[in-house]
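Engineer: In the numbering used here, the protein residues as written are 1302 to 1468.
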Ligand code: CMX
Ligand code: CO
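1) What number of angstroms, rounded off, separates the C-alpha of residue 1415 from the C-alpha of residue 1454?
2) From residue 1310 to residue 1324, what does the alpha carbon distance come to, in whole angstroms?
3) If you check the beta carbons only, do residue 1367 and residue 1385 fall under 9 Å apart?
4) Considering only residues of the same chain and omitting the five flanking positions on each side of residue 1348, which have a CB-CB separation below 8 Å?
5) Assuming contact is defined by CB atoms lying nearer than 9 Å, are residue 1449 and residue 1409 in contact in what I supplied?
6) Taking all protein chains shown into account, decide if residue 1360 is buried (16 or more other Cβ within 10 angstroms of its Cβ) or exposed.
7) Specify, as a first and last residue, the run of the alpha helix (DSSP H) that residue 1388 falls within.
8) Assuming residue 1326 is part of the beta strand (DSSP E), what are its boundary residues?
9) So who's on the other strand from residue 1352, going by DSSP bridges?
10) If you check the beta carbons only, do residue 1447 and residue 1401 fall under 9 Å apart?
11) Considering only residues of the same chain and omitting the five flanking positions on each side of residue 1304, which have a CB-CB separation below 8 Å?
12) Is residue 1398 a contact residue of the ligand PLP, with contact defined as CB to any heavy atom under 8 Å?
13) For residue 1326, does the count of other Cβ atoms within 10 angstroms reach 16, so buried, or fall short, so exposed?
14) Would you say residue 1370 touches the ligand CMX, meaning its beta carbon is less than 8 Å from a heavy atom?
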């Protein structure tokens, strides 16, 4: 981990000095019983979840735990005939997708499309927490379902530990 500030590596695409992916926003884990999973994770991590949201349009309910600057996302299916419901039926519980932060989902989609990477979403759409997201086909990332995540412009939380004292 380098603490050296600035834009880092200088020999890449000048428009994308850090590459396409800026960080891990969340790791999504499909679970059969959301409430039971939340209690199990709460006990193991020693901290309560920071967010819960039902995304009816996608047939899921998510619960987020903080992991540094990222989140661990537990995903429960709103029914058996939903994408996460079918995933659980076929593969059982486990990692469902990885959400990567990008500066702009629209620009990232354009770049991936130009590279011939197969997309699931051809255009950005709303995700949870006011984010903008798009899913990329797992064929393009060796079997891993990838979600591109663009943060909403405002600061996420008042108790953000950004100004943590160095003791
Ligand atoms: N891991 C690996 N492969 C997966 C996968 C997963 N989790 N989910 C789907 N796939 C595969 C499918 O097998 C399928 O493969 P083939 O094309 O070879 O048949 C392909 O990916 C497309 O899947 P699909 O379900 O047929 O495609 P849809 O367009 O119907 O749906 C997707 C794609 C990813 C949106 C949907 O499957 C899904 O998972 N939706 C839930 C999204 C979600 O997690 N939302 C949470 C809130 C959003 C947020 O995080 O902000
Ligand atoms: Co997600």
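Glycine included, C-beta positions come from ideal geometry on N, C-alpha and C. Computed from a predicted structure; not experimentally measured.
Structural biologist: Taking the structure as given:
1) Translated into positions along the chain shown, residue 1415 becomes position 114. Translated into positions along the chain shown, residue 1454 becomes position 153. C-alpha separation (whole angstroms): 27 Å.
2) Position 9 of the chain shown, counted from the start, is the residue given in the question as residue 1310. Position 23 of the chain shown, counted from the start, is the residue given in the question as residue 1324. Confidence at residue 1310 is low in this model, with a pLDDT of 45, below 50, so its placement is unreliable and no value can be given for it.
3) Position 66 of the chain shown, counted from the first residue, corresponds to residue 1367. Position 84 of the chain shown, counted from the first residue, corresponds to residue 1385. In this structure, residue 1385 does not lie closer than 9 Å to residue 1367 by Cβ.
4) The residue labelled residue 1348 in the question sits at position 47 within the chain shown. For residue 1348, where only same-chain residues beyond five positions count, the Cβ hits under 8 Å are 1366 and 1367.
5) To locate residue 1449, count along the chain shown from 1; it is residue 148. To locate residue 1409, count along the chain shown from 1; it is residue 108. Yes.
6) The residue given as residue 1360 occupies position 59 in the chain shown. Residue 1360 is buried by the Cβ-count criterion.
7) For the purposes of this step, residue 1388 is taken as residue 87 along the chain shown, with counting starting at 1. 1384-1392 is the extent of the alpha helix (DSSP H) around residue 1388.
8) For this step, residue 1326 is matched to residue 25 along the chain shown. From DSSP, the beta strand (DSSP E) with residue 1326 extends over 1324-1332.
9) Taking the chain shown and counting its residues from 1, one reaches residue 1352 at position 51. In the DSSP output, where bridge partners are listed per residue, residue 1352 has 1365.
10) For the purposes of this step, residue 1447 is identified with residue 146 of the chain shown, where counting begins at 1. For the purposes of this step, residue 1401 is identified with residue 100 of the chain shown, where counting begins at 1. Yes.
11) In the chain shown, the residue the question calls residue 1304 occupies position 3. Confidence at residue 1304 is low in this model, with a pLDDT of 40, below 50, so the placement of that residue should be treated as unreliable; the coordinate-derived value is given next. The same chain holds no residue with a CB closer than 8 Å to that of residue 1304 once the five nearest residues on each side in sequence are set aside.
12) By its list of ligands, the structure shown excludes the ligand PLP, since it contains just the ligand CMX and the ligand CO.
13) The sequence position of residue 1326 within the chain shown is 25, counting from 1. Classification of residue 1326: buried, given that the 10 Å Cβ count is 16 or more.
14) Taking the chain shown and counting its residues from 1, the one referred to as residue 1370 is at position 69. Checking every heavy atom of the ligand CMX against the Cβ of residue 1370, none is found closer than 8 Å.
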